[in-house]
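In the UniProt record's numbering, the protein residues as written are 1 to 111.
Heads up, the beta-carbon is just placed ideally off N, CA and C, and yes, glycines get one too.
Model, not experiment: these values are computed from the prediction.
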Amino acid sequence: MGGGGRALPPPPQPRCPSSRQVKTFGALGSGDGDNLGVYMDLVDGVVLNKIMLQIDPRPTNQRVNKHVNNDTYLRVQNLTILVRNIKTYYQVWCWELQSYSAASTRQLLPT
């Protein structure tokens, strides 16, 4: 790193409350508290996709790449699948909420 260039900041340490919540879904990293292993498990998108499947177990046609092996393309693909599943979940949830609200409103209206 010569020429006055700045070093990249280290990856964020997964000690925030959200990483603790993620750990409740199962072991992360090598299981020995290795922060880098936990970070890599989250960045690869495999664990987050498993958590999303627990929240919304509807089957998807897309398979998550479980062996990313530091491949940026596979990481992006896994995280794209995750974002798509989150969007679908909330679109369905909002649609069901609107349907429920419309039905409740109809019950309140005089006939």
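So, helix, strand or coil for K66, using DSSP?
Three-state result, K66: coil.
Would you give the residue range spanned by the alpha helix (DSSP H) that N61 belongs to?
Note, N61: premise wrong, no alpha helix (DSSP H); not H, not E.
Quick check on DSSP: helix, strand or coil for D71?
Residue state, collapsed to three classes: coil.
By the three-class DSSP mapping on this structure, what secondary structure does L36 have?
Three-state result, L36: helix.
Can you give me the C-alpha to C-alpha distance between V83 and L36, rounded to a whole angstrom?
One C-alpha to the other measures close to 23 angstroms.
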